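Sequences listed follow chains A and B, in order. Per numbering that gives the first Met the number 0: the first sequence ends with 145, consecutive numbering throughout. Per numbering that gives the first Met the number 0: the second sequence ends with 145, consecutive numbering throughout. Yeah, the Cβ is synthetic: ideal placement off N, Cα and C, and Gly gets one too. None of these values were measured; they are calculated from a predicted model.
Protein chains: 2
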Amino acid sequence: MTTATQPPRHPAGLAQKLADSGLRSTPQRELVYDVLLNKRDHPTADEVFARVKPELPGISLATVYNCLETLVQCDLVRAVNFERGPTRYCPNLRPHAHFHDEVTGQTHDVDLPETLFAKLKSELPPGFDANAVEITFRGKAKSSAN
Amino acid sequence: MTTATQPPRHPAGLAQKLADSGLRSTPQRELVYDVLLNKRDHPTADEVFARVKPELPGISLATVYNCLETLVQCDLVRAVNFERGPTRYCPNLRPHAHFHDEVTGQTHDVDLPETLFAKLKSELPPGFDANAVEITFRGKAKSSAN
DNA sequence: CAACAAATTGGAATGATTCTAAGGTGCAAG
DNA sequence: CTTGCACCTTAGAATCATTCCAATTTGTTG
């Protein structure tokens, strides 16, 4: 490494946030974060891997997964569709939301006023035409009061 | 069918809805639907398989998957978390929703007023304490207007 | 009953993710 | 500056949900 070291393309916050969690700043973590900031198209782990590889040819896919998880834990990045588990099925056909209890793992139906669903759709910018809205809450529900 | 035939535990609608789509009513499909109606705890395919097996020991997991997909196609059942694909990552930390373009497969960020997120949480029944809300729209966006 | 289409079946294949064991890296204390 | 040690990375194997496939079964129609 000569004087050619490139400045980081991301806010200085990374090293700090990592340190806050007792974690180290590594080239892999910085690069993965850079890639996410530079093209905000919600890439998959594989896509991040592909973008990172040219700059750090030795990096492994496992590391990309590790880095992404680390960034999520530090609240620097959010995972979309992070329902790791299998698909669940529900015979309730009325429009409703789901509440996912993080303690028990149970999923509850939550009825919401139709007007809210309408309101949500009406908030979409012009050019976006939604035919479905999915709302999922995460948290804890009082004991087993189904 | 003699007098010993058990009455279906589900609304008569099944056979009809299936027929509407040019599909047959089969013991497997009826039983899978029964199971979903009888215990509405959002079971996974494996769980459905386990509940169905005692009554129809010869049924295969593949058939359970097939039946579930059929029921979803007939609009009798909804699949929760049906993001089959890989997890996506997003460095946008402000509260926002996602719009999933079903044509291009792209995911866009959609900013919504904070008040809407608050409103949503306030609609939760007592005893439900959410620390996160996930909102995903599905539909099509006007051309490539990122 | 014969023929054909629709369904089911078991097992193999796929694909994302996680696990595991081994090797590297860098700070910290002496 | 060297040794120790905790943290990281790595490659490849393992897992798990889901899909695919080819063969068999079932049901309906002629």
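{"query": "C-beta neighbour in chain A for residue 19(B), strict 8 Å", "result": "no"}
{"query": "Same chain, Cβ closer than 8 Å to residue 23(B), five either side skipped, listed in chain order", "result": "17"}
{"query": "First through last residue of the beta strand (DSSP E) which encompasses residue 91(A)", "result": "Segment: none, residue 91(A) is in no beta strand (DSSP E) and carries neither H nor E."}
{"query": "Residue burial classification, residue 163(B) (beta-carbon count within 10 angstroms, cutoff 16)", "result": "An answer regarding residue 163(B) cannot be provided, because it is not within the stretch 0 to 145 covered by chain B."}
{"query": "Within chain B, the residues that residue 139(A) reaches when beta carbons sit closer than 9 Å", "result": "127, 128, 129, 130"}
{"query": "Contact check, residue 34(B) vs residue 50(B), beta carbons under 8 Å", "result": "yes"}
{"query": "Coarse secondary structure for residue 21(A), derived from DSSP in three states", "result": "coil"}
{"query": "Proximal residues of chain A, C-beta to C-beta of residue 91(B) below 8 Å", "result": "39, 77"}
{"query": "Chain-ordered chain A contacts of residue 105(B) [CB-CB under 9 Å]", "result": "40, 41"}
{"query": "Chain-order list of residues whose beta-carbon lies under 6 Å from that of residue 118(B) (same chain, five-residue window excluded)", "result": "none"}
{"query": "Closer than 7 Å: residue 44(B) CB and nearest the ligand NAP heavy atom", "result": "The model depicted lacks the ligand NAP and carries no ligand whatsoever."}
{"query": "Close beta carbons around residue 20(A), own chain, < 6 Å, minus the five adjacent residues each side", "result": "73"}
{"query": "CB contact below 8 Å: residue 0(B) versus chain A", "result": "Residue placement at residue 0(B) cannot be trusted, given a pLDDT of 42 that sits under 50; the coordinates are not used to answer."}
{"query": "Contacts that residue 60(B) makes with chain A (C-beta to C-beta distance below 9 Å)", "result": "Correct list: empty, because the minimum Cβ distance to chain A is about 12 Å."}
{"query": "Other residues of its chain near residue 41(A): CB distance less than 7 Å, five sequence neighbours each side excluded", "result": "79"}
{"query": "Cross-strand partners of residue 57(A) (DSSP beta bridge)", "result": "Its beta-bridge partners do not exist; DSSP assigns none."}
{"query": "Whole-angstrom C-beta distance between residue 127(A) and residue 138(B), which should lie under 8 Å", "result": "7 Å"}
{"query": "Boundaries (first-last residue) of the alpha helix (DSSP H) holding residue 50(A)", "result": "44-51"}
{"query": "Buried or exposed (CB count within 10 angstroms, at least 16 for buried), residue 61(A)", "result": "exposed"}
{"query": "Beta-carbon proximity of residue 130(B) to residue 108(B), cut-off 8 Å", "result": "no"}
{"query": "C-alpha gap between residue 14(B) and residue 88(B), whole angstroms", "result": "42 Å"}
{"query": "Limits of the unbroken beta strand (DSSP E) element including residue 128(A)", "result": "127-140"}
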